[in-house]
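First up is the structure itself, then whatever we jot down about it.
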Amino acid sequence: GRGRALARFCRQHHALLLKNLAFQRRNWKTNAAIAAFPVLLCALLVAIQAVVDRELDRPPFRCGCEGGHCGIQHSTPIQAMSCEVPAPPRWPALVQVPVVPAFVHGRPARCSNASCAAPVSVLLTGLNRGLSQSLGRGLFPDLSPSDYFLMPKTMNSSSSLDHLSRVVPGSRTLPAHELFVEPGLVPNETLYVIQSKCSWQKRNVSGNSDGGMPLQLDMECVQGLPLWCASSSVINRRLFNGYKRANKRRRSNEFLAGYDFLDTSKGLFHVYILYNSSFSRDNGHHSMTVLRVARLVNMASTAYLKQVLPGVNAEMRLEFLKEMPKAAIKMKLDLTTLLDALFFTWTVQLLLPVILTYLVYEKQQNLRLMMKMHGLKDGPYWLISYSYFLSLSGAYVTFFAVFGSLIGLDIFRLNSYVIQFLFFFIYINLQIVLAFLLASFFSSVKTASVISYIYVFGSGLLGEALLKLFIEDTTFPKSILNEYYIVLHVY
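The working numbering runs 1371 ahead of the 1-based position in the sequence shown.
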């Protein structure tokens, strides 16, 4: 009986295989197009890369030139990134001044009030309240009227660095990734000088920077007030609630920084500085953002020296910041690196809708039911279907791996091809099994097609924002989710 059953299975398998081969031979163009689809995607990526490279080769993205001489002094902050800088210019250390609504709507008050932001507020706390508040009052050295009138309206690099190192200058511009050009000191910007009392009027200052770049900006005094908080956690909460979308009033009420002086005393200086790190635009594809934090540290150091050494002209000057020298570079945007994970995740999943719609179509047309009426069992049907999907998926990922390596996708070039083969073999089997599972939930080809494509593109877009966190979280239960949400494996 067992031998007869095996013979019957083999005959049914052979007959169905011949029928399927004849059918696929008639549809060879469709199968070839599906298998070669990664080639089209790789070619499209290469074409887009060529367009981007041609755009980045235009003058707005090349080092600025004037009179045959090129350099950062003739460049915008974007152009300066491609310039050769053998001797980087010195720039004064600025603080990140909150946007205008943040210091217009506030009023001086205790920090227990949700709207306690002053014109420019600094939040304070510490174990020794008296000492902490005294240090807070010394954070903003004043520029006296006599010093103001002695300050030249036309400054050279040395005089500007000397004057600005004595006060707390700031800017509302976004910080740069590289400090070859300080965005807050480019022409037509406003430089804010934060002081405890504003006793001088807005003025225009011009001159040249250390690297010969022209300075043409407005200097404006902004009042800075220290506000006391009960603890560091209160400071952290107030800093967060200062964002427009973090409070019920939907009103920006930001703070300059927060200082927790902890157990600071006359013989011990111990401070914890809280600041707005959301200006950091680091995403792993370019250099880190130079956040304006150095001046915040210097403010606390100078205030402490003046507190413990009264009557002595003690100060800790932070005169300038500067970058390391660099060679000229050509600005590039490598799409193969930028889109590596997303492009890979989308491409390898695009076979899922194809397999799913194939299975649902047979279900919708009752093809399996008709086969059963002719005596065909489930075993040969599943085996032939699985073999077809495995062959199609194997050809698909092979084309993808070959042409992905040719165009320079790091995920192919930097990994062992043996490991890639094992990974792809396991993945395409999981994807076929998932398609068989999902096919049992659909009776319409259109519904299955729409849902599967939403799944593919949605999971790819969620990769960087959500899946990355799940992968890095050791407490997340990956074992269960991995069985049904295989895109987690892929990403």
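All C-beta atoms, glycine included, are put in the ideal place defined by N, C-alpha and C.
Source: prediction; values computed, not measured.
Would you check if the distance between the CB atom of V1456 and the CB atom of F1551 is smaller than 7 Å?
Taking the sequence shown and counting its residues from 1, the one referred to as residue 1456 is at position 85. Taking the sequence shown and counting its residues from 1, the one referred to as residue 1551 is at position 180. In contact: V1456 and F1551 (Cβ atoms closer than 7 Å).
Thinking just about the alpha-carbon of each residue, which of S1542, F1632, E1549 and A1698 is nearest to the one in C1592?
Taking the sequence shown and counting its residues from 1, the one referred to as residue 1592 is at position 221. Nearest C-alpha to C1592: S1542.
So L1627 and V1470 are in contact, right, with Cβ under 8 Å, and what is the actual spacing, rounded?
Here residue 1627 is taken as the residue at index 256 of the sequence shown, counted from 1. Here residue 1470 is taken as the residue at index 99 of the sequence shown, counted from 1. About 12 Å; that fails the 8 Å criterion.
From what residue to what residue does the alpha helix (DSSP H) around P1409 run?
As a working note, residue 1409 is residue 38 in the sequence shown. Where P1409 is concerned, the enclosing alpha helix (DSSP H) stretches over F1408 to L1427.
State the beta-bridge partners of T1496 as determined by DSSP.
Against the sequence shown, residue 1496 aligns to sequence position 125. D1631.
If you draw a straight line from the C-alpha of I1405 to the C-alpha of V1821, how long is it?
On the sequence shown, position 34 is the one that residue 1405 refers to. On the sequence shown, position 450 is the one that residue 1821 refers to. I1405 and V1821: Cα-Cα distance of roughly 18 Å.
May I ask which residues mark the beginning and end of the alpha helix (DSSP H) holding V1668?
Start at 1 with the first residue of the sequence shown, and residue 1668 comes out as number 297. That run of the alpha helix (DSSP H) goes A1665 to V1679.
Could you check where the alpha helix (DSSP H) with N1684 kicks off and where it finishes?
Taking the first residue of the sequence shown as 1, we reach residue 1684 at position 313. From DSSP, N1684 is part of no alpha helix (DSSP H); its letter is neither H nor E.
So if DSSP puts R1574 in a beta bridge, which residue, or which two residues, is it bridged to?
For the purposes of this step, residue 1574 is identified with residue 203 of the sequence shown, where counting begins at 1. R1574 is bridged to M1590.
State the DSSP-derived secondary structure class of Y1646, mapped to helix, strand or coil.
Here residue 1646 is taken as the residue at index 275 of the sequence shown, counted from 1. Three-state DSSP puts Y1646 in coil, outside helix and strand.
Relative to the C-alpha of P1554, which candidate in V1493, K1568, A1421 and P1463 has its C-alpha closest?
Along the sequence shown, read from residue 1 onward, the residue named residue 1554 stands at position 183. For P1554, the nearest C-alpha among the options comes from P1463.
Helix, strand or coil: how does DSSP classify G1829 here?
Working through the sequence shown from its first residue, we reach residue 1829 at position 458. Here G1829 sits in helix by DSSP.
Could you give the C-beta distance for L1727 and A1810, rounded to a whole number, given that I count them as a contact under 8 Å?
What you label residue 1727 is simply residue 356 of the sequence shown in a count that begins at 1. What you label residue 1810 is simply residue 439 of the sequence shown in a count that begins at 1. About 6 Å; that satisfies the 8 Å criterion.
What first and last residue would you give for the alpha helix (DSSP H) that runs through V1804?
Indexing the sequence shown from 1 puts residue 1804 at position 433. From DSSP, the alpha helix (DSSP H) with V1804 extends over Y1788 to A1810.
Using the C-alpha atoms, what's the distance from G1595 back to G1477?
The residue you call residue 1477 lines up with position 106 of the sequence shown. The residue you call residue 1595 lines up with position 224 of the sequence shown. Unreliable placement is indicated for G1477, whose pLDDT of 43 sits below 50; the coordinate value is still reported in the next sentence. Distance between the alpha carbons of G1477 and G1595: 12 Å.
Under 8 Å, with one C-beta from each stretch per pair, do the segment 1436-1453 and the segment 1695-1704 reach the 3-pair mark?
Touching, yes.
What residue from V1679, G1435, Y1798 and D1581 has the CA that sits closest to E1863's CA?
Nothing can be reported for residue 1863, as the shown portion of the chain is limited to 1372 through 1862.
From the DSSP output, in three-state form, read off H1440 for me.
For the purposes of this step, residue 1440 is taken as residue 69 along the sequence shown, with counting starting at 1. Residue state, collapsed to three classes: strand.
Count Cβ pairs between the segment 1790-1808 and the segment 1762-1782 that sit closer than 8 Å; are there 3 or more?
The answer is yes - the segment 1762-1782 touches the segment 1790-1808, with three or more Cβ pairs under 8 Å.
What do you get for Y1759, buried or exposed, if any count of 16 or more other CB atoms within 10 angstroms of its CB means buried?
The residue given as residue 1759 occupies position 388 in the sequence shown. Y1759 should be labelled buried.
Taking all protein chains shown into account, decide if S1503 is buried (16 or more other Cβ within 10 angstroms of its Cβ) or exposed.
Looking up residue 1503 in the sequence shown gives position 132. Answer is buried; the Cβ neighbour count reaches 16.
Could you give the distance in angstroms between the alpha-carbon of F1813 and the alpha-carbon of D1781?
For the purposes of this step, residue 1813 is identified with residue 442 of the sequence shown, where counting begins at 1. For the purposes of this step, residue 1781 is identified with residue 410 of the sequence shown, where counting begins at 1. So the alpha carbons of these two residues sit roughly 38 Å apart.
Are the segment 1672-1683 and the segment 1554-1574 touching, with three or more C-beta to C-beta distances below 8 Å?
No, the segment 1672-1683 is not in contact with the segment 1554-1574.
Please report how far the alpha carbon of A1601 lies from the alpha carbon of R1609, in whole angstroms.
Here the question's residue 1601 lines up with position 230 in the sequence shown. Here the question's residue 1609 lines up with position 238 in the sequence shown. Using only the alpha carbons, I get a separation of about 11 Å.
Closest by CA to W1717, which one among I1644, N1612 and G1831?
Start at 1 with the first residue of the sequence shown, and residue 1717 comes out as number 346. With distances taken between Cα atoms, W1717 lies closest to G1831.
Spatial neighbours of P1724 within its chain, please: CB distance less than 7 Å, with the 5 preceding and 5 following residues excluded, ordered by chain position.
Within the sequence shown, numbered from 1, the residue matching residue 1724 stands at position 353. Same-chain partners within the cutoff: S1820, S1823, Y1824 and V1827.
Using a C-beta cutoff of 7 Å, does Q1444 count as contacting chain C?
Of the protein chains in the structure, only one exists, and it is not chain C.
Near G1435, which residues of its chain fall below 7 Å by C-beta distance, leaving aside the five closest residues on each side in sequence?
To locate residue 1435, count along the sequence shown from 1; it is residue 64. Excluding sequence neighbours, G1435 sits near C1441, H1445, S1446, T1447 and Q1450.
Skipping 5 residues on each side, what residues in its chain have a beta carbon closer than 8 Å to that of Q1735?
On the sequence shown, residue 1735 is found 364 positions in, with the first residue counted as 1. Only S1814, S1815 and V1816 meet the Cβ criterion.
What residue range is occupied by the uninterrupted beta strand (DSSP E) comprising Q1735?
Here residue 1735 is taken as the residue at index 364 of the sequence shown, counted from 1. Segment L1722 to Q1735 is the alpha helix (DSSP H) holding Q1735; no beta strand (DSSP E) there.
What span of residues does the alpha helix (DSSP H) with V1605 cover, start to end?
The count along the sequence shown starts at 1 and reaches residue 1605 at position 234. S1603 to N1612 is the span of the alpha helix (DSSP H), which, as asked, contains V1605.
What are the residues that DSSP puts in a beta bridge with Y1563?
Position 192 of the sequence shown, counted from the start, is the residue given in the question as residue 1563. Answer is G1541 and E1591, bridged to Y1563.
Please report the straight-line C-alpha distance between C1454 and A1665, rounded to a whole angstrom.
On the sequence shown, residue 1454 is found 83 positions in, with the first residue counted as 1. On the sequence shown, residue 1665 is found 294 positions in, with the first residue counted as 1. Those two C-alpha atoms are separated by around 25 Å.
Please report the distance separating the alpha-carbon of N1669 from that of M1584.
Residue numbering aside, residue 1669 sits at position 298 when the sequence shown is read from its first letter. Residue numbering aside, residue 1584 sits at position 213 when the sequence shown is read from its first letter. Cα to Cα, N1669 sits roughly 26 Å from M1584.
Considering L1556, what are the terminal residues of the alpha helix (DSSP H) in which it resides?
Residue mapping note: residue 1556 aligns to position 185 of the sequence shown, counting from 1. Note, L1556: premise wrong, no alpha helix (DSSP H); not H, not E.
Looking at C-alpha atoms only, which residue of I1799, G1779, N1786 and A1806 is the closest neighbour of L1416?
Locating residue 1416 in the sequence shown gives position 45, where the first residue counts as 1. When only C-alpha atoms are compared, the closest one is G1779.
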